[in-house]
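K.L.:
Input: one structure, supplied below.
Number of protein chains: 2
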Amino acid sequence: MLKGVQEITNALGADAVTTDDDDIDVHSYSEVSTSHCAAKPVAVVMPKSTEEVALIARICSRYKIPMVPFAGGSSVEGNFTAPYSGLSIDFSQMNQIVAFHEEDMDVVVQPGVNWVDLNDSIKHSGLWLPMDPSPTVMRYGTMKDWVVNLTVVLADGSIIKTRHRPRKSSAGYNLTGLFAGSEGTLGMITEIALKLAPIPEERSVAVATFPSVRDAVACASKVMRQSVQIAAVELLDEVQMGVINKNGGSGGRKWEEKPTLLFKFSGTTQSIAADIAKVERISSQGGGSAFEFTKTEQDMHNFWSARKEAVWAMCAQRPEGTQIWSTDVAVPLSRMPEIIDLSKKESEALGLFSSVLGHVGDGNFHQAVMYDPESPTQTQAVQECVRKMVHRAIEMEGTVSGEHGIGLGKKECLIEELGQHTISVMRTLKRSLDPHFLMNPGKIFDP
Amino acid sequence: MLKGVQEITNALGADAVTTDDDDIDVHSYSEVSTSHCAAKPVAVVMPKSTEEVALIARICSRYKIPMVPFAGGSSVEGNFTAPYSGLSIDFSQMNQIVAFHEEDMDVVVQPGVNWVDLNDSIKHSGLWLPMDPSPTVMRYGTMKDWVVNLTVVLADGSIIKTRHRPRKSSAGYNLTGLFAGSEGTLGMITEIALKLAPIPEERSVAVATFPSVRDAVACASKVMRQSVQIAAVELLDEVQMGVINKNGGSGGRKWEEKPTLLFKFSGTTQSIAADIAKVERISSQGGGSAFEFTKTEQDMHNFWSARKEAVWAMCAQRPEGTQIWSTDVAVPLSRMPEIIDLSKKESEALGLFSSVLGHVGDGNFHQAVMYDPESPTQTQAVQECVRKMVHRAIEMEGTVSGEHGIGLGKKECLIEELGQHTISVMRTLKRSLDPHFLMNPGKIFDP
């Protein structure tokens with residue numbers, strides 16, 4: 001392994017490689033993630049181009065060194081850990097917008113580009129990547145729906161482009177869809193062409209509180225069944241609203257500590273007014289109260305910040321020494337009230353403090369549970385809580401992960417969800433492209 | 001091969017298998033398709049369930065018999081031909097709605113279900129599959145975006161489900177996306193879960209004519225850059241409008257024989273009114289005239305029928321003995337006027353009669369060229385015309401097929417588009433799942 005690292009250092013320069021303990025720690029562990037492993041990468045490499053990534057892959061392939069891609073480091077299922085050691089390949093230096101095709105409404109970026117920065121820098125064009133991960137799924141779909149093509153470096157160092165740059169294609173296998181979301185286990189993505197959308201003329205946010213989570217979800221379902229152009233509908237439970245209040249923010253506003261729906265509207269002035277009126281009617285029929293919509297940009301920012309701050313508020317408000325176990329599942333729409341209800345009761349029964357945040361439009365929700373990692377009782381309790389939630393999602397024909405992926409942490413659950421036959425198809429595909437299991441090995445499924 | 005057919009007949013019953021010459025002809029040749037081959041299937045099998053398909057695959061696998069799926073028979077690139085002979089597996093008997101989950105806004109269907117019948121039978125729920133293939137792509141995306149999961153029979157007869165039934169998932173590889181659009185070369189799809197959308201409160205259609213195709217496309221681009229909620233925008237050139245006039249229909253209406261845009265709006269009464277006003281303004285600024293929108297259901301039907309009848313009008317109006325070569329490409333949005341212009345000029349220069357129909361929202365268009373297949377000059381001319389159009393699309397970073405797929409007819413072009421490296425990744429994936437090349441062999445790429 002060290003020989004390989006030396007060769008890479010010779011080729012890319014000393015600046016591009018580090019074996020410093022602190023650097024390695026940052027690339028092997030994250031407080032946000034709950035899946036860890038004892039092994040660490042031997043070095044961190046920071047390529048600057050597709051060609052450098054290909055060169056790294058060729059050397060790693062020759063010395064059989066595992067390659068573990070690292071981008072934002074925000075994953076929570078141990079997706080960027082190195083259970084078989086190897087190299088951590090950090091894409092933070094590949095943060096350029098490669099090409100902006102305004103007239104084609106697309107943009108080509110390197111993997112280290114942050115979506116907020118991207119939208120800032122193309123704002124003048126009236127276009128944006130409509131990802132406010134992940135609440136905007138309802139109107140705009142998920143990230144993968146915006147990917148036009150990918151440049152991928154394979155295990156052996158060969159470079160492929162999944163397809164050209166038209167917005168629609170039926171030219172052969174959908175390799176774009178296969179590599180996107182494969183968690184670096186099939187290849188390393190070095191360039192992404194993304195579709196863009198026009199920035200809506202106007203936006204507004206509305207908020208409504210409900211006597212119960214069940215009522216809130218029922219209201220959201222009714223709204224979805226009408227053709228109202230909501231961009232997002234987010235559920236925050238009473239615990240989450242309490243945490244946000246305690247944490248301050250939201251422009252000093254105190255929220256009612258009840259199950260709450262936040263609606264995001266986008267469109268024209270007229271269409272938004274009509275949509276808000278419709279949602280208000282549905283909400284009040286469904287037991288909703290305190291319906292309020294924003295009238296100014298500042299209001300909108302304050303309202304929506306409650307949603308954006310949710311995770312950080314939980315982190316900030318947790319007692320010293322405790323950690324947060326964050327997990328997500330998705331179920332068919334009709335099962336959402338039931339699974340949230342049961343999951344909340346279960347964590348209470350186990351004596352755990354937890355909050356719920358749901359992307360109601362696609363049956364996906366997150367539970368954040370506080371626990372003391374030093375306490376075996378609490379650690380066991382939180383594991384039990386997650387295990388039951390995941391198991392229940394599967395029983396409801398749902399998935400063990402709507403957003404977070406599988407990584408190290410959910411491999412067992414994935415087998416339960418899909419069965420050995422389907423996993424074995426995934427393994428066959430993996431083996432065909434990466435026969436020596438060098439690409440992020442140990443993630444999604446075992447070799 | 002005949003031994004295998006006999007075993008299948010024994011297992012499924014004589015009714016499920018035919019070796020009748022007429023039946024075999026229907027399953028090996030279509031007038032609409034321009035890619036043919038001399039070989040034919042030895043028999044046509046009509047399974048009734050996933051289990052029967054699995055049984056067929058197990059027997060075919062044992063006797064190394066190619067399996068060629070056949071559904072609507074509407075493909076134009078020879079996608080259902082049998083160049084290596086084998087079995088034609090006809091899914092017309094698998095035409096059941098397996099489950100309709102109204103509250104989850106999804107439906108599970110067998111592959112023989114027609115989307116018009118599906119929408120008719122679930123209409124009472126206020127839900128629909130928003131596919132008016134393919135003009136509605138702009139608002140609703142393509143078919144693949146509506147697929148939740150697939151049940152697939154693999155070459156060896158094993159049955160897998162690509163995933164469960166939540167609307168969002170990040171559970172392992174996106175097998176749904178890999179199998180959808182693989183033209184039966186990786187497995188046979190026997191069940192499909194589909195998302196549904198609420199039927200819009202109101203719909204309307206507007207029409208505008210332009211001095212040139214360039215002006216029409218420029219207007220469509222401007223509309224797309226605003227956040228107008230158009231469901232579709234379709235371009236029909238002056239030739240196409242003339243053909244529709246000649247063919248009658250459209251409620252007796254005579255159209256102006258100029259490049260024409262048809263807009264489809266959906267939403268609420270208020271939002272549609274606002275959208276129409278906006279589109280009218282953009283259209284008149286861009287040289288559009290005769291802007292007119294529909295006020296009644298009957299009008300809407302008549303307007304839109306011009307679009308729906310386009311292909312059939314071409315077929316009906318063609319002189320005795322001629323055929324239609326229909327092909328499609330897609331390019332980045334900004335290149336659309338140029339490629340349409342050049343393609344029209346080229347076919348004229350070659351002395352061919354051709355019409356253009358474009359899904360302007362995604363840079364995708366179809367050219368339908370009339371030719372006499374008995375005339376070597378005309379056949380060569382049409383081939384030349386298609387070759388140049390495809391080649392030009394590739395040069396513009398476009399694709400050789402936006403919708404029709406590759407089949408037999410566009411294998412060469414696909415290599416030119418994607419390069420040997422990318423094709424070789426597709427081939428590797430294919431080989432890993434179908435080592436004996438039994439699943440629709442000879443399509444998309446050669447073994």
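If you read the sequences in order, they're chains R and A. Counting from 1, one number per residue, gives the positions in the first sequence under the UniProt record's numbering. Counting from 1, one number per residue, gives the positions in the second sequence under the UniProt record's numbering. We treat Cβ as the ideally placed atom computed from N, Cα and C, and that holds for glycine.
Apart from the five residues on each side of it in sequence, which residues of its chain come closer than 8 angstroms, Cβ to Cβ, to Ser289 (chain R)?
P.N.:
Result list for Ser289 (chain R): Ala208, Thr209, Phe210, in chain order.
K.L.:
Tell me, please, which residues DSSP counts as bridged to Pro399 (chain A).
P.N.:
Here residue 399 (chain A) is Thr; the residue named in the question, Pro, does not match the sequence. In DSSP, Thr399 (chain A) forms a bridge with A:Ala330.
K.L.:
Here's a check: name, in chain order, each residue in its chain whose Cβ is nearer than 7 angstroms to the Cβ of Ile276 (chain R), leaving out the five neighbours to either side.
P.N.:
So the list reads Ser204, Ala206, Phe265, Phe293, once near-sequence residues are dropped.
K.L.:
When the Cα of Val228 (chain R) is compared with those of R:Glu297, R:Arg139, R:Leu235, R:Lys168, which residue comes out closest?
P.N.:
Nearest option by C-alpha distance: R:Arg139.
K.L.:
Contact check, Ile122 (chain R) vs Glu202 (chain R) under 8 angstroms by CB: the rounded distance?
P.N.:
Not really, about 20 angstroms apart at Cβ, beyond 8 angstroms.
K.L.:
Between Ala313 (chain R) and Phe365 (chain R), is the Cβ-Cβ spacing less than 9 angstroms?
P.N.:
Contact flag unset, no.
K.L.:
So with CB distances below 9 angstroms, who are the chain R contacts of Pro111 (chain A)?
P.N.:
Ordered by position in chain R, no residue passes the 9 angstroms Cβ test against Pro111 (chain A), which lies about 17 angstroms from the chain.
K.L.:
Could you give the residue range of the alpha helix (DSSP H) that holds His404 (chain A)?
P.N.:
Where His404 (chain A) is concerned, there is no enclosing alpha helix (DSSP H), given that its DSSP letter is neither H nor E.
K.L.:
Threshold first: 4 residues or longer. Then list the alpha helix (DSSP H) segments lying entirely within the region 278-358 of chain A, N to C.
P.N.:
Within the region 278-358 of chain A, the complete alpha helix (DSSP H) runs of at least 4 residues are 297-317, 336-349.
K.L.:
Say whether the region 305-321 of chain R touches the region 335-347 of chain R, bearing in mind that this needs 3 or more beta-carbon pairs closer than 8 angstroms, one atom from each stretch.
P.N.:
With a cut-off of 8 angstroms, the region 335-347 of chain R and the region 305-321 of chain R do not count as touching, because too few Cβ pairs lie within range.
K.L.:
Using a Cβ cut-off of 9 angstroms (strictly closer), state whether Lys144 (chain A) contacts chain R.
P.N.:
Yes - at least one Cβ of chain R is within 9 angstroms of the one on Lys144 (chain A).
K.L.:
Suppose the cutoff is 7 angstroms on Cβ atoms and the five residues either side in sequence are ignored; what does the same chain contact list for Ala71 (chain R) look like?
P.N.:
Once the five neighbours on either side are set aside, the close Cβ partners of Ala71 (chain R) are Phe91, Pro111, Gly112.
K.L.:
Going along the region 227-247 of chain A in order, which residues come within less than 9 angstroms of chain R, judged by CB to CB distance?
P.N.:
Of all residues in the region 227-247 of chain A, Ser227, Val228, Gln229 have a Cβ within less than 9 angstroms of some Cβ in chain R.
K.L.:
Which residues does DSSP pair with Ala368 (chain R) in a beta bridge?
P.N.:
Paired residue(s): R:Ser326, R:Ser355.
K.L.:
With a Cβ-Cβ cutoff of 9 angstroms, do Gly402 (chain R) and His359 (chain R) count as a contact?
P.N.:
For Gly402 (chain R) and His359 (chain R), yes; Cβs fall inside 9 angstroms.
K.L.:
Among A:Gly286, A:Lys195, A:Ala274, which one has its Cα closest to the Cα of Asp104 (chain A)?
P.N.:
Comparing Cα-Cα distances from Asp104 (chain A) to each of A:Gly286, A:Lys195, A:Ala274, the minimum goes to A:Lys195.
K.L.:
Of all the options A:Val356, A:Thr151, A:Val213, which has the alpha carbon lying nearest to the alpha carbon of Gly286 (chain A)?
P.N.:
The shortest C-alpha separation from Gly286 (chain A) is found at A:Val213.
K.L.:
Spatial neighbours of Asn119 (chain R) within its chain, please: CB distance less than 8 angstroms, with the 5 preceding and 5 following residues excluded, ordered by chain position.
P.N.:
Trp128, Leu129.
K.L.:
Tell me which same chain residues have a C-beta within less than 7 angstroms of the C-beta of Tyr29 (chain A), skipping the five on either side of it?
P.N.:
Cβ neighbours of Tyr29 (chain A) beyond the five flanking positions: His36.
K.L.:
Between the Cα of Asp23 (chain R) and those of R:Ile89, R:Ala393, R:Ser74, R:Asn440, spot the shortest distance and give me the residue it belongs to.
P.N.:
The option with the nearest alpha carbon to Asp23 (chain R) is R:Ile89.
K.L.:
To the nearest angstrom, how far is it from the Cα of Ser250 (chain R) to the Cα of Asn302 (chain R)?
P.N.:
Distance between the alpha carbons of Ser250 (chain R) and Asn302 (chain R): 5 angstroms.
K.L.:
Taking 9 angstroms as the threshold (C-beta atoms), are Leu178 (chain R) and Leu429 (chain R) in contact?
P.N.:
For Leu429 (chain R) and Leu178 (chain R), yes; Cβs fall inside 9 angstroms.
K.L.:
May I ask you to report which of helix, strand or coil DSSP gives Asp20 (chain R)?
P.N.:
Looking at Asp20 (chain R) - three-state DSSP - the assignment turns out to be coil, as it is neither helix nor strand.
K.L.:
Please report the straight-line C-alpha distance between Ala231 (chain R) and Gly267 (chain A), rounded to a whole angstrom.
P.N.:
Spanning the two alpha carbons is a distance of roughly 14 angstroms.
K.L.:
Between His391 (chain R) and chain A, is the shortest Cβ-Cβ distance under 9 angstroms, so that the two count as touching?
P.N.:
No, its Cβ sits nowhere closer than 9 angstroms to a Cβ of chain A.
K.L.:
Helix, strand or coil: how does DSSP classify Thr162 (chain R) here?
P.N.:
Reduced to three states, the DSSP call for Thr162 (chain R) is coil.
K.L.:
Per DSSP, which residues does Glu202 (chain R) bridge with? Please list them.
P.N.:
Answer is R:Gly267, bridged to Glu202 (chain R).
K.L.:
Does DSSP classify Glu51 (chain A) as helix, strand or coil?
P.N.:
Glu51 (chain A) falls in the helix class under three-state DSSP.
K.L.:
Around the C-beta of Gln323 (chain R), are 16 or more other C-beta atoms found within 10 angstroms, so that it is buried, or is it exposed?
P.N.:
Gln323 (chain R) is buried by the Cβ-count criterion.
K.L.:
From which residue to which residue does the beta strand (DSSP E) around Glu417 (chain R) run?
P.N.:
First-last for Glu417 (chain R): 411-433, but that is the alpha helix (DSSP H), not the beta strand (DSSP E).
K.L.:
Checking the sheet assignment: what are the DSSP bridge partners for Ser88 (chain R)?
P.N.:
The partner list for Ser88 (chain R) (beta bridge, DSSP) reads R:Val44, R:Val68.
K.L.:
Establish whether the CB of Leu342 (chain A) and some CB of chain R are separated by less than 9 angstroms.
P.N.:
With 9 angstroms as the cut-off, Leu342 (chain A) does not count as an interface residue toward chain R.
K.L.:
When you compare only the Cα positions, how much space is there between residue 477 (chain R) and Val311 (chain A)?
P.N.:
Residue 477 (chain R) lies beyond the range of chain R shown here (1 to 447); nothing can be said about it.
K.L.:
Mind listing the chain R neighbours of Met105 (chain A)? Cutoff is C-beta to C-beta under 8 angstroms, in chain order.
P.N.:
Those are Met224, Arg225, Leu333, listed as they occur along chain R.
K.L.:
Considering only the beta carbon of each residue, do Ser158 (chain A) and Ala54 (chain A) sit closer than 9 angstroms?
P.N.:
In contact: Ser158 (chain A) and Ala54 (chain A) (Cβ atoms closer than 9 angstroms).
K.L.:
If you draw a straight line from the C-alpha of Val109 (chain R) to the C-alpha of Phe100 (chain R), how long is it?
P.N.:
Distance between the alpha carbons of Val109 (chain R) and Phe100 (chain R) is about 9 angstroms.
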